[in-house]
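Just below is one structure, and these are the notes that go with it.
In the numbering used here, the protein residues as written are 25 to 430.
Written out as structure tokens, the structure reads:
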């Protein structure tokens, strides 16, 4: 067992790639706090934080009736204060941002380097601004507009935008920047803080329902949210009071960019090979651009292949037309707008019902991972990225030392 220094991402011993997992007290206990910090006993504790961020869980009536389901539960991670969802950047990424920043040791003074396709950037920018934590966020250039509309970016936050880039470009640049003195890589799905923070949506659900769901639906890019739900379920089973069976993971991706689905359906031991040119073209065609991670932890020990196998899970490839239809359906029936990634999740639910992959009497939990953006007043101040960079004619970034000194 490793002692947590707040930033460790990998086991120091030689073995096949594996994800670290946090070890907490066996019993699930809730503190009287109106935020995700009510689950603080199952969250990393490096430094004290204060936040009101929280998901909401409720039992659906309208959508459930439309689909012929008797027990459909919605975990809504966005901005819907009337329901109790108070994520101001409107997606579940706030859950991970606060948990990751709270995991940092009190004496950690290096700048945390994060890569994002958009939603994670907004969440970390808000949380880091709120607590004045030094972070450097690398994003594709087209993600800046959304970030700037959601967050007043404070002086502790540096944003580097990759002009014309995609998520994979942001990941590559972030890794290079984090290798310099005074910086440390946040690590994405490998950071236990991310998974433990997002796992609070499952904890909210079990607190509301009283037991584990039979089935769990979520769209995936990196897969961190699905792994978070799976790991939270494992802890709840170990407690002994909330059921003994893992929820079946029903994971979905936005076609045509579906590396996890393709590998699982093909029963492949690893992700299928696809050229960077093919991947970029596929990513350009999906409605849910945040689901564009080209290297999710599929074959990693404790990763998506293991979680799908352990839970008896299923995957779906969802076309853009299905995404848009599901988004309209949810807004019409449940009364709130949702993000395209959540539309992928909801379309998978519709598909699963039609294919009889679930039964009307099963207890279903659908994680709507973003919504309520139209209820938020946009930030109306002039803001610009700290730095805009682009690859040269040979596909290389400018010298990283020059970027940091700039």
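Positions of the beta carbon are idealized from the N, C-alpha and C atoms, including for glycine. No experiment lies behind these values; they were computed from the predicted model shown.
Item to check | Through-space distance from residue 32 to residue 102, alpha-carbon basis | outcome: The alpha-carbon atoms of residue 102 and residue 32 are separated by roughly 29 angstroms.
Checklist entry - What is the rounded straight-line gap between the Cα of residue 147 and the Cα of residue 118? => result 5 angstroms
Next on the checklist: Quick check: the Cα distance between residue 37 and residue 28, rounded to an integer number of angstroms?
Outcome noted: Taking the CA atoms as reference points, residue 37 sits about 15 angstroms from residue 28.
Checklist entry - In the structure shown, what three-state DSSP assignment does residue 80 receive? => result strand
Next on the checklist: I'd like the span of the beta strand (DSSP E) that includes residue 135, first residue to last.
Outcome noted: DSSP places residue 135 in the uninterrupted beta strand (DSSP E) bounded by 135-139.
Item to check | Buried or exposed by the 16-neighbour rule on C-beta atoms within 10 Å, applied to residue 219 | outcome: With 16 or more Cβ atoms within 10 Å of its Cβ, residue 219 is classed as buried.
Checklist entry - What span of residues does the alpha helix (DSSP H) with residue 90 cover, start to end? => result 86-91
Checklist entry - Any Cβ of chain B within less than 8 angstroms of the Cβ of residue 125? => result Judged by its chain identifiers, the structure shown contains no chain B, having just a single protein chain.
Item to check | Span separating the alpha-carbon of residue 314 from that of residue 274 | outcome: 18 angstroms
Next on the checklist: What residue range does the alpha helix (DSSP H) around residue 66 cover?
Outcome noted: Looking at the DSSP string, residue 66 is not in any alpha helix (DSSP H), and its letter there is neither H nor E.
Next on the checklist: Check whether the stretch 81-88 and the stretch 54-65 touch, using three or more Cβ-Cβ pairs below 8 angstroms as the test.
Outcome noted: no
Item to check | First through last residue of the alpha helix (DSSP H) which encompasses residue 354 | outcome: 344-358
Item to check | CB of residue 372 within 8 angstroms of CB of residue 342, strictly | outcome: yes
Next on the checklist: Please classify residue 190 as buried or exposed, where buried requires at least 16 other C-beta atoms within 10 Å of its C-beta.
Outcome noted: buried
Next on the checklist: Quick check: the stretch 37-55 against the stretch 252-265, are at least 3 beta-carbon pairs closer than 8 angstroms?
Outcome noted: Taking a contact to require three or more Cβ pairs closer than 8 angstroms, the stretch 252-265 and the stretch 37-55 qualify as touching.
Next on the checklist: So within the stretch 212-258, which uninterrupted alpha helix (DSSP H) runs reach at least 4 residues, ignoring any that extend past its ends?
Outcome noted: 216-222 and 224-233
Item to check | The alpha helix (DSSP H) enclosing residue 377, as first and last residue numbers | outcome: 364-378
Item to check | Identity of the residue in 96, 134 and 142 nearest residue 383 by Cα | outcome: 96
Item to check | residue 122 - containing alpha helix (DSSP H), residue span | outcome: Element bounds for residue 122: 117-127.
Checklist entry - For residue 385, which three-state DSSP category applies? => result coil
Checklist entry - When the Cα atoms are used, what is the spatial distance from residue 335 to residue 279? => result 24 angstroms
Checklist entry - Which residues in the same chain as residue 195 place their Cβ atom closer than 7 angstroms to its Cβ, once the five residues preceding and following it in sequence are excluded? => result 139
Next on the checklist: Quick check on residue 410: does DSSP put it in helix, strand or coil?
Outcome noted: If DSSP states are grouped into helix, strand and coil, residue 410 belongs with coil.
Checklist entry - Within 10 angstroms of its Cβ, does residue 299 collect 16 or more other Cβ (buried), or is it exposed? => result Residue 299 is classed as exposed because its beta carbon has fewer than 16 other beta carbons within 10 Å across all chains shown.
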